[in-house]
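**Student:** For what it's worth, full-length UniProt numbering labels the leading residue of the sequence shown as 1, then goes sequentially. Ideal Cβ positions, reconstructed from N, Cα and C, are used throughout, including at glycine. Predicted, not measured: the structure shown is a model, and the values here were computed from it.
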Amino acid sequence: MASIPSRGQYKHLRACLLCSIVQQPTDFKKNRCPNCEEIMQMKGSTDRISVCATTYFDGIIAVIDPETSKYVRGTYAVRVKGHVPEDVEAELESRGIKYRPRDQTDQD
1 MASIPSRGQY
11 KHLRACLLCS
21 IVQQPTDFKK
31 NRCPNCEEIM
41 QMKGSTDRIS
51 VCATTYFDGI
61 IAVIDPETSK
71 YVRGTYAVRV
81 KGHVPEDVEA
91 ELESRGIKYR
101 PRDQTDQD
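Written out as structure tokens, the structure reads:
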């Protein structure tokens, strides 16, 4: 289960470029991305975290009741600046999933 970061941790937080969950880099490395690790594969890899999670995000919202959400409990960025790596986008495409950047530049 994802934890909610304390105020002192804010400057080190990173947001997953795919699901927008906000965590410490050490949480991604030790515990993984709780929503999309199968695709993002950040657990244990500092290099992968640096390309799959970013410090550039705006706003934070919280999922408190995961019973009514497809996402796990935790904090999520409202908008995330950046783009997933090409291998992740190709994997999503092979699964029939269209990637939409979380920075709201791809709005219909």
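Would you decide whether Asp58 is buried or exposed? Buried here means 16 or more other CB atoms lie within 10 Å of its CB.
**Tutor:** The residue in question, Asp58, is exposed, as its Cβ has fewer than 16 Cβ neighbours within 10 Å.
**Student:** Count the C-beta pairs between the region 16-24 and the region 34-42 that are closer than 8 Å, then say yes if the count reaches three, no if not.
**Tutor:** The region 16-24 vs the region 34-42: in contact.
**Student:** At a cut-off of 8 Å, would you count Glu86 as near the ligand ZN, judging by its Cβ distance to the nearest heavy atom?
**Tutor:** Looking for the ligand ZN in the displayed structure turns up nothing, as the structure carries no ligands at all.
**Student:** Between the region 84-102 and the region 42-58, can you find at least three pairs of beta-carbon atoms closer than 8 Å?
**Tutor:** A contact exists between the region 42-58 and the region 84-102.
**Student:** Could you compute how far the alpha carbon of Arg48 sits from the alpha carbon of Arg79?
**Tutor:** About 20 Å.
**Student:** Drop a sphere of 10 angstroms on the beta-carbon of Tyr56, count the other beta-carbons inside from all chains shown, and report buried for 16 or more, exposed for fewer.
**Tutor:** Tyr56 comes out exposed.
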